[in-house]
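Letter by letter, the sequence shown follows residues 21 to 462 of my numbering. Down below is the structure, laid out as structure tokens.
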Amino acid sequence: MSNVGTPALARLAELRGELGRIRPDATTVLTAYAVLLYVVPSDRRIAPLGGAGSLASLLATAALLWWGWHQINVATPVLRPRIQWVRVGAFTFFGACVASYAVSALTPLTAADASVADLGLVRVAALVGILLVANDGITTEERLLLLTRRLCWLGAAYAGLGIVQFFTGTSFVDTIQIPGLTASVDAGINARNGFPRPVSTALHPLEYSVVLTMILPLSLAMAIHDKQRPAIPRWSPVVLITMASALSVTRSALLATAAVFLVLLPSWPRAARRAMIAAAACGSLALYLVVPGMASTILAMFTEHDTSVTSRTDSYGTALSFISISPLFGRGFGTFTPAYRIVDNQYLLSTIEIGVVGLASLLALVLAAMIIPLKRRRSWNTQPMRGLGPALFASMLAGGMILAFFDAFAFSQACGTLFMIMGLCGCYCNIPSTGFETTEER
21 MSNVGTPALA
31 RLAELRGELG
41 RIRPDATTVL
51 TAYAVLLYVV
61 PSDRRIAPLG
71 GAGSLASLLA
81 TAALLWWGWH
91 QINVATPVLR
101 PRIQWVRVGA
111 FTFFGACVAS
121 YAVSALTPLT
131 AADASVADLG
141 LVRVAALVGI
151 LLVANDGITT
161 EERLLLLTRR
171 LCWLGAAYAG
181 LGIVQFFTGT
191 SFVDTIQIPG
201 LTASVDAGIN
211 ARNGFPRPVS
221 TALHPLEYSV
231 VLTMILPLSL
241 AMAIHDKQRP
251 AIPRWSPVVL
261 ITMASALSVT
271 RSALLATAAV
281 FLVLLPSWPR
291 AARRAMIAAA
301 ACGSLALYLV
311 VPGMASTILA
321 MFTEHDTSVT
331 SRTDSYGTAL
341 SFISISPLFG
351 RGFGTFTPAY
361 RIVDNQYLLS
371 TIEIGVVGLA
381 SLLALVLAAM
391 IIPLKRRRSW
401 NTQPMRGLGP
411 ALFASMLAGG
421 MILAFFDAFA
431 FSQACGTLFM
441 IMGLCGCYCN
451 IPSTGFETTE
461 ER
């Protein structure tokens, strides 16, 4: 009897040893963050914690602490480029936000605005934490590609819910009850020219658009270049995300999607270019036939007068009056609430809140994350890593474009996606490969 039990006990001990060797790494943490960011409705949070009470934000804050602990306690030298531009940009942006917070402490703000300033600094720290974990924590191309594939599938599920919302006119999100979390707003589907404007689990159609257009380039790169996987798993995210973008009834999403395809088209093989052009033509025809009136609605969005454009331009005078009070460092991140005015332009809003210095640091961070993947791709001789460089560039281009159309940092999914992709841009440039000059850094 003991002889029968011995193999079972040995196998149990072996399994225990294998489980003991499993350690969550940056890819694991970022996957969990993305799941919480996109699956949990954006309006659900722990009520006493206010704007910092979303599960994704709490995990991001913990990720920052984890990153700091790792920097202090792990002394193993790693191969890194001499200057990590995304990391430098992140620290510069955070420093500008801290300086703005210090200025706000010396400024006579209302009690509500002062409280928002405290919360704003916590939110920025959490976002920078996610960026740093992605930038420094992913050390191999296998883990980067695994996270990219997971983001593509999460984006596909996110887009799929939006498509269902479009055709049914029902949110479905309001039926989700999560113990311990409360809804901050009433979930619902608005309409534009008679068509529902889906939001998936986001708070606003533009936030939904940011997520779609920033994940779309990654899904295209994986579909075209990751040929070791079957075709259906590779192309399903592309089909769903592109379809959701076309049905979003959002001008910004359509412009960003068009920019993504135009930027990526030259980087694809000739056969892929022809196939994508043919697919785009067939998809446009199918949209015209399946959704009557959609083509004229899209055309009207670009040809007819739009009150949202007038609202944005009318905000310039109000914005300049606030900027003139503290032009260098602003009044504090997050303190210009919608109670003052909705400016629908994150760059303008950042100038009000963190000043010209903060705006310059934000632009530098976005541009650094946008440019370095293009330069870095030349050192990769294999796919899909080589094709991922232009995809990251296109993703940042789409995100940077949409920042000019709404207050993105007020929406957790939009800013969370942006900072996570910026971290992936830095990670892409940090992973060593043949022909890439590196140096040891402690």
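We put the beta carbon where it would ideally sit given N, CA and C, even for glycine.
Q) If you follow the alpha helix (DSSP H) that Asn-450 is part of, which residue opens it and which one closes it? A) Taking the sequence shown and counting its residues from 1, one reaches residue 450 at position 430. It spans 432-450 - the alpha helix (DSSP H) in which Asn-450 sits, taken as one unbroken run.
Q) Leu-444 to Ile-451, Cα distance in whole Å? A) Translated into the one-based positions of the sequence shown, residue 444 becomes position 424. Translated into the one-based positions of the sequence shown, residue 451 becomes position 431. Their backbone Cα atoms lie some 11 Å apart in a straight line.
**Q.** Ser-381 to Thr-437 span [Cα, whole Å]
**A.** Within the sequence shown, the letter at position 361 stands for residue 381. Within the sequence shown, the letter at position 417 stands for residue 437. Each residue's alpha carbon lies about 19 Å from the other.
Q) Are the region 169-183 and the region 111-125 in contact at 8 Å, needing three or more beta carbon pairs? A) Verdict: no, contact absent.
Q: Would you check if the region 404-420 and the region 245-264 touch, i.e. whether three or more CB-CB distances between them fall below 8 Å?
A: With a cut-off of 8 Å, the region 404-420 and the region 245-264 count as touching, because enough Cβ pairs lie within range.
Q.
Run through the DSSP bridge pairs and tell me what Phe-215 is partnered with.
A. Numbered from its first residue, the sequence shown carries residue 215 at position 195. Partner(s): Arg-212.
Q. How many Å lie between Gly-446 and Gly-313 at the Cα?
A. On the sequence shown, residue 446 is found 426 positions in, with the first residue counted as 1. On the sequence shown, residue 313 is found 293 positions in, with the first residue counted as 1. When the Cα atoms are used, Gly-446 and Gly-313 turn out to be separated by approximately 43 Å.
Q) Based on the DSSP output, what are the partners of Ala-203 in its beta bridges? A) If you number the sequence shown from 1, residue 203 lands on position 183. DSSP lists Arg-64 as partners of Ala-203.
Q. When burial is assigned at 16 or more other CB atoms within 10 Å of the CB, is Val-205 buried or exposed?
A. Residue mapping note: residue 205 aligns to position 185 of the sequence shown, counting from 1. Exposed, because fewer than 16 other Cβ atoms sit within 10 Å of the Cβ of Val-205.
Q) Should Gly-409 be labelled buried (16 or more other beta-carbon atoms within 10 Å of its own) or exposed? A) Here residue 409 refers to the residue found at position 389 when the sequence shown is read from its first residue. That one is buried.
Q. From Ser-415 to Leu-69, what does the alpha carbon distance come to, in whole angstroms?
A. The sequence position of residue 415 within the sequence shown is 395, counting from 1. The sequence position of residue 69 within the sequence shown is 49, counting from 1. Their Cα atoms are separated by approximately 31 Å.
Q) Helix, strand or coil for Arg-351 per DSSP? A) By 1-based counting over the sequence shown, the position of residue 351 is 331. Reduced to three states, the DSSP call for Arg-351 is coil.
(Q) Please tell me whether Gln-366 and Leu-307 are closer than 8 Å, where the distance is taken between their beta carbons. (A) Counted from its first residue, the sequence shown places residue 366 at position 346. Counted from its first residue, the sequence shown places residue 307 at position 287. The Cβ atoms of Gln-366 and Leu-307 lie no closer than 8 Å to each other.
Q. Where does Arg-100 fall in DSSP's three states?
A. For the purposes of this step, residue 100 is taken as the residue at position 80 of the sequence shown. In the three-state reduction of the DSSP assignment, Arg-100 falls in the strand class.
Q.
Using 8 Å as the threshold, is the C-beta distance between Ile-158 and Thr-47 below it?
A. In the sequence shown, the residue the question calls residue 158 occupies position 138. In the sequence shown, the residue the question calls residue 47 occupies position 27. Result yes, Cβ atoms of Ile-158 and Thr-47 sit closer than 8 Å.
(Q) Quick check on Asp-194: buried or exposed, where buried means 16 or more other Cβ atoms within 10 Å of its Cβ? (A) In the sequence shown, the residue the question calls residue 194 occupies position 174. That one is exposed.
Q | Continuous alpha helix (DSSP H) stretch holding Pro-358: start and end | A | Position 338 of the sequence shown holds residue 358. For Pro-358, there is no enclosing alpha helix (DSSP H), as DSSP gives it neither H nor E.
Q) Unbroken beta strand (DSSP E) runs of length 3 or more, entirely within the region 95-163: which are they? A) Segments of the beta strand (DSSP E) lying fully in the region 95-163: 98-100.
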